[in-house]
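Residue numbers (the UniProt record's numbering): 1 to 469.
A short worksheet on the structure shown next.
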Amino acid sequence: MSVGDEVRSTEQTRPQQSLGTAAARNLATTTKSVPQMQEISSRWLLRTLPWVDIQGGTYRVNRRLTFAVGDGRVTFVKTGDRVEVIPAELTELPALRSYEDDEVLSELARRCEQREFGPGDVIASFGSQTEEVYLLAHGKVEKVGTGPYGDDAVLGVLADGAYFGDQALLDADAIWEYTARAVTACTVLVLPRQAVEQVSERSDSLRDHIQQRRSIPQQRTNKHGEKEIDLAAGHTGEPDIPHTFVDYEAKPREYELSVAQTVLRIHSRVADLYNQPMNQTEQQIRLTVEALKERQEHELINNREFGLLHNCEYDQRIQPHDGVPSPDDLDELLSRRRGTRLLFAHPRAIAAIGRELNKRGLVPETIDIAGNRIPTWRGVPIYPCNKIPVSEARTTSIIAMRTGEADQGVIGLRATGIPDEIEPSLSVRFMGINEQAIIKYLVTAYYSAAVLVPDALGVLENVEIGRWR
């Protein structure tokens, strides 16, 4: 037997001479933390969004009358390598706006031809006759025109769900005013004008609808699509002063408060006996409220009814020219609106922005907000928001906002003064004790968000965050 074995044998047979730590811990006063929760994030959106208290649970956004139509996106269904357009989505085309005959729309959808284009392929050439409508199911397409010095200039970038060439349905003499060129591999559905004419020959409703669209007089609008206000300026003498009035939308949008709720259950034995040094009920409510706020911010970003990503107008969505979030793309995003106050991006997108700035030798300025150093671009803070989704292809979005009612921006909606309120628009209501001695509390949060004018909100879409060179 070795010396080490002899020592261990002696320790095992020797009687215990002092109190063990396991027993001593039962009598000790333990220093402990409150319950921790990994889900809690910075929630900058909830902290920076200006909140407006509303009455009656509804907020109506009145705007000037606009004549812009067809500003949506087309949705597709993919089965294997076969892509089909949803028939009702064809009404996003201006020529088919408000058309309701499902059978005719289904026939038009069946006549769409699927085509594949490789990077660099020309889909449509400048100056040629416009005879087909293109529905972009997947990929990126550049609109290329001629610059002021004769070289090519990129007029815009189109992505999934976009359409172009739709003027072919209303004007038989329309020509392409730009060249459409594939940037990536593209899947496109093509609807020939000839196919639409063949269907309209058998459908009186479609023929009448298109004819009506053609006969609608061109409304005088400003660059935002709003009905123009007739004015006179720079005149002399005694000319007739134009008469005018400001018309409003007949059916303005109304935002109803959404709700997030849960029923918190606590056994009365726990609430009665295990409240020192921390109140169990308070800690249970605190953690539940934290989870509720995380869900609230998620809904403000992703909800299909009022979420920011789904309520951005089509002409306020832009695509990065090279995929990555370059300084040029951020400048383009800021230029779409006056007074951009906030940028929101996933933390991984902020890292990608930093990489692109490093490549150009640029160092972003930072500002101190509540003790946090927040990066900025052109003086606009870029707040991290982990609720902005990242796709499997490692693409995400960057949100730009102008905020506040006074600036016709984006606002948060809430209702204060609700019963059992513990924070504005958040309540914890006692629901009683059941026969199993379980206490129940109803935890509720009411919220929504409203975009007062379309250019208050912009999104840089399909931003690549996985490119490292």
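Built from N, CA and C at the ideal position, the CB exists for glycine as well.
In this text the structure is predicted, and so the values were computed from the model without any measurement.
Residue i burial status per 10 Å Cβ neighbour count (16 or more: buried)
i: Trp176; result: buried
i: Lys293; result: buried
i: Leu27; result: exposed
i: Leu362; result: exposed
i: His310; result: exposed
i: Ile40; result: exposed
i: Leu158; result: buried
i: Ala456; result: buried
i: His298; result: buried
i: Glu249; result: exposed
i: Gln319; result: buried
i: Asp329; result: buried
i: Asn279; result: exposed
i: Gln296; result: buried
i: Arg14; result: exposed
i: Glu89; result: buried
i: Lys251; result: exposed
i: Leu231; result: exposed
Paired residues, beta bridge with residue i - DSSP
i: Cys385; result: DSSP lists no partner for Cys385.
i: Glu132; result: Pro192
i: Ala427; result: Note that residue 427 is Ser in the sequence shown here, rather than Ala. According to DSSP, which records beta bridges pairwise, Ser427 is partnered with Glu421 and Thr444.
i: Gln114; result: Leu189
i: Thr366; result: Pro375
i: Lys78; result: Val83
i: Lys143; result: Gly156 and Ala180
i: Val122; result: Arg181
i: Ala172; result: Beta-bridge pairing links Ala172 to no other residue.
i: Ile433; result: Ile439
Extent of the continuous beta strand (DSSP E) run through residue i
i: Trp377; result: Asn372 to Trp377
i: Ser258; result: Ser258 to His267
i: Asp152; result: Asp152 to Leu158
i: Asp53; result: Trp51 to Asp53
i: Ala400; result: Thr395 to Met401
i: residue 476; result: In the structure displayed, the chain extends from 1 to 469; residue 476 sits before or after that span and is not available.
i: Val459; result: Leu457 to Glu464
i: Arg60; result: Thr58 to Val61
Integer-rounded CB distance, given that residue j should sit under 8 angstroms from residue i
i: Leu261; j: Leu426; result: At residue 261 the sequence reads Gln, which differs from the Leu that was named. Wrong, their Cβ atoms sit about 11 angstroms apart, outside the cutoff.
i: Leu65; j: Lys227; result: 5 angstroms
i: Val459; j: Arg317; result: 5 angstroms
i: Pro381; j: Leu343; result: 7 angstroms
i: Arg213; j: Ala95; result: 5 angstroms
i: Tyr59; j: Ala450; result: 6 angstroms
i: Pro325; j: Glu365; result: With a Cβ gap of about 17 angstroms, Pro325 and Glu365 do not count as contacting.
i: Thr416; j: Asp53; result: 5 angstroms
i: Ala174; j: Ala168; result: 6 angstroms
i: Leu108; j: Val183; result: The pair is not a contact, with the Cβ atoms about 28 angstroms apart (cut-off 8 angstroms).
For residue i, the first and last residue of its enclosing alpha helix (DSSP H)
i: Leu357; result: Pro347 to Lys359
i: Ile301; result: Gln280 to Asn302
i: Ala335; result: The sequence shown places Ser at residue 335, rather than the Ala named in the question. Pro327 to Ser335 is the span of the alpha helix (DSSP H), which, as asked, contains Ser335.
i: Leu46; result: Trp44 to Thr48
Decide yes or no for the touch test of the region 386-393 against the region 368-377: beta carbon pairs closer than 8 angstroms, at least 3 of them.
With a cut-off of 8 angstroms, the region 368-377 and the region 386-393 do not count as touching, because too few Cβ pairs lie within range.
Is the region 279-287 touching the region 244-257, taking contact as three or more C-beta pairs under 8 angstroms?
Contact fails: fewer than three Cβ-Cβ distances are below 8 angstroms.
Assess contact between the region 179-191 and the region 118-134, defined as three or more Cβ pairs (one per stretch) separated by less than 8 angstroms. Is contact present?
These segments touch.
For the 8 angstroms Cβ check, are there 3 or more pairs between the region 107-123 and the region 145-155?
Touching, no.
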